[in-house]
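**Student:**
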Amino acid sequence: MFQVMIVDDMEIMRRELKSLKIWGKRTGFIVAEEAKDGQDAIKKLKEKKVDLVITDIKMPIADGIELLKKIIDKKLSYCVVLLSEYSEFEYARQGIVYGAFDYIVKPIDEEKIEGLLVKVAKYIEKKKLEEEKVKKLENELEEKLEIFYAPEDVEKIINLFKDVDVKVIEVAFNLVETIGAAVDYDSLKVEYVLKRVTSTLIEALKEIYPWLPKLVCISKYTDIDFTKTLSFSDMKTIFLGIIRKLIMDIKKFQFGSEMNSMVRNICKIVLERMDTEVSVRIIADHMFLNQSYLSTLYKEKTGNSLVEYITMVKMERAKMLLHNSNIKNYEIASKLGYKDVEYFGRLFKKYTTMTPSKFKASCTCTDKENG
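Heads up: the sequence shown at position 226 corresponds to 226 in our numbering, and the numbers run straight through without jumps.
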């Protein structure tokens, strides 16, 4: 049986859909779940994937179009069908552009829905067969990974990341070319191997730089979909883009080996203490140095003030906490060592041009382990 989720902010509409006689052996579809809006649906779909989502278009909090985009982006269901009023026809057409299978115009016509479910069943079966083929290919590739690239090539990239060395891009370019040639530029194989390499790199970098997941949205690297293109050239561009963004993210917070070792130590202390109080005085005490000397040295070597660096780290950490947790503003301020929540709010707005609350409402990062 194919499992269905019905999403509508009106309970009476959910009940009407559930009461139709088409569910069960007659069509092979059963209503397994329901949700009151897009946000509620996403939460439930992350816990349990269903085969088909039937969703109203206009809903509060997160509407049907937003839900559709999330489902397709995160692959939370095989198929989405939109429910719309005649007046919402343009929204329904927009939904088709974004990847909806079809739409149903209210009031509900049981016969039309039954006919649509026949088409949906064939579509889902096709998608599941494709998924099985991909899984089979992945299992075969898993056994032959070391044939496609040398582990020492990945190790070389990791070592260059340790020194925050931009030469990493050149080495990464050569690695992609090696992988492409090894799998005869087969797009599915290239995609799988690049995903594995990316995953290996991210895990290694999280060990080298324990602060990275606390300041950078890791999911923007791990959730990248190489399959949006079938071109090897485009996949190579995507992968090299990941490497460039990673090196930029690291360089934003930590200097490479070319920088003065004392400055690198200063950064290390700030990054280690980001979740507590940190100041020029605290760093100077930790390093047994004069505050004035420390500030002058940092400014001389980097061109920026140490206070600016500390604030930048704190505000980026605040952004991640706002992204990925339900912690209140005053709790974030306290966690970061700010005793005055209003002062924290002013600093945050100056840094981001938004209040903490407004920033939280605009969040898109989906990382979970940054609290």
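Yeah, the Cβ is synthetic: ideal placement off N, Cα and C, and Gly gets one too.
Check whether the stretch 262-273 touches the stretch 282-299, counting contact only when three or more Cβ pairs, one atom from each stretch, lie closer than 8 Å.
**Tutor:** Touching, yes, given that three or more Cβ pairs across the two stretches are closer than 8 Å.
**Student:** Contact between the stretch 341-361 and the stretch 316-330: three or more CB pairs below 8 Å?
**Tutor:** Yes: the two stretches touch, three or more of their Cβ pairs being nearer than 8 Å.
**Student:** Start and end of the alpha helix (DSSP H) containing D73?
**Tutor:** Its alpha helix (DSSP H) spans residues G64 to K74.
**Student:** For the alpha helix (DSSP H) that contains S77, what are its first and last residues?
**Tutor:** Looking at the DSSP string, S77 is not in any alpha helix (DSSP H); the run it does join, the beta strand (DSSP E), is S77 to S84.
**Student:** Determine the burial state of Y298: buried for a count of at least 16 other Cβ atoms within 10 Å of its Cβ, exposed for fewer.
**Tutor:** Looking at its Cβ environment, which holds 16 or more other Cβ atoms inside 10 Å, Y298 is buried.
**Student:** Could you name the residues of the same chain whose beta carbon sits closer than 6 Å to that of E138, not counting the 5 residues immediately before and after it, in chain order?
**Tutor:** Only Y192 meet the Cβ criterion.
**Student:** Evaluate contact between the stretch 31-45 and the stretch 113-120, counting only Cβ atoms and requiring at least three cross-stretch pairs below 8 Å.
**Tutor:** No: fewer than three Cβ pairs fall under 8 Å.
**Student:** For K206, which of E66, D275, N174 and L246 has the nearest alpha-carbon?
**Tutor:** Nearest C-alpha to K206: L246.
**Student:** Go ahead and label S19 buried or exposed: buried means 16 or more other beta carbons lie within 10 angstroms of its beta carbon, across all protein chains shown.
**Tutor:** That one is exposed.
**Student:** Quick check on the DSSP output: the alpha helix (DSSP H) that includes E300 runs from which residue to which?
**Tutor:** Where E300 is concerned, the enclosing alpha helix (DSSP H) stretches over Q291 to T302.
**Student:** Sorted by chain position, which residues of the same chain lie with C-beta nearer than 8 Å to Y98's C-beta, five sequence neighbours on each side aside?
**Tutor:** Taken in chain order, the residues that qualify are I65, L68, K69 and I72.
**Student:** Are three or more beta carbon pairs between the stretch 147-158 and the stretch 44-58 nearer than 8 Å?
**Tutor:** Touching, no, given that fewer than three Cβ pairs across the two stretches are closer than 8 Å.
**Student:** Counting along the chain, where does the alpha helix (DSSP H) carrying F29 start and finish?
**Tutor:** Where F29 is concerned, there is no enclosing alpha helix (DSSP H), although the beta strand (DSSP E) it sits in stretches over F29 to A35.
**Student:** I'd like the span of the alpha helix (DSSP H) that includes I202, first residue to last.
**Tutor:** Run containing I202: S187 to I208, per the alpha helix (DSSP H) assignment.
**Student:** Within a Cβ cutoff of 6 Å, which residues of the same chain sit near V164, ignoring the five residues on either side of it in sequence?
**Tutor:** Answer for V164: I250, K251 and G256, listed in chain order.
**Student:** For the stretch 218-290, which segments carrying the alpha helix (DSSP H) assignment without a break, of at least 4 residues, lie completely within its bounds, in sequence order?
**Tutor:** Complete alpha helix (DSSP H) runs here, min 4: 219-222, 232-253, 261-272 and 280-287.
**Student:** Assuming Y221 contacts T198 (C-beta within less than 8 Å), just tell me the rounded distance between them.
**Tutor:** Yes, Y221 and T198 are in contact; Cβ-Cβ is about 6 Å, under 8 Å.
**Student:** For E316 and D340, I'd like the C-alpha separation in whole angstroms.
**Tutor:** Each residue's Cα considered, the two are about 18 Å apart.
**Student:** Quick one: Cα of K128 to Cα of C79, how far?
**Tutor:** In a straight line, the C-alpha of K128 is about 11 Å away from that of C79.
**Student:** Expressed to the nearest angstrom, what Euclidean distance is found between the alpha-carbon atoms of L240 and W211?
**Tutor:** Roughly 23 Å separates the two Cα atoms.
**Student:** Please determine, among Q254, A181 and M235, the residue with the shortest C-alpha to C-alpha distance to M312.
**Tutor:** Here the closest residue by C-alpha is Q254.
**Student:** Given a cut-off of 9 Å on the beta-carbon distance, is the pair M259 and K301 in contact?
**Tutor:** Yes.
**Student:** Go to L175, then tell me how far its alpha helix (DSSP H) extends in each direction, as first and last residue.
**Tutor:** Counting along the chain, the alpha helix (DSSP H) containing L175 begins and ends at V168 to A182.
**Student:** Applying the 10 Å Cβ sphere with the 16-neighbour rule, what's the burial state of F348?
**Tutor:** Classification for F348: buried.
**Student:** So is K314 buried or exposed if we call it buried at 16+ other beta carbons inside 10 Å?
**Tutor:** The residue is buried, with at least 16 neighbouring Cβ atoms inside 10 Å.
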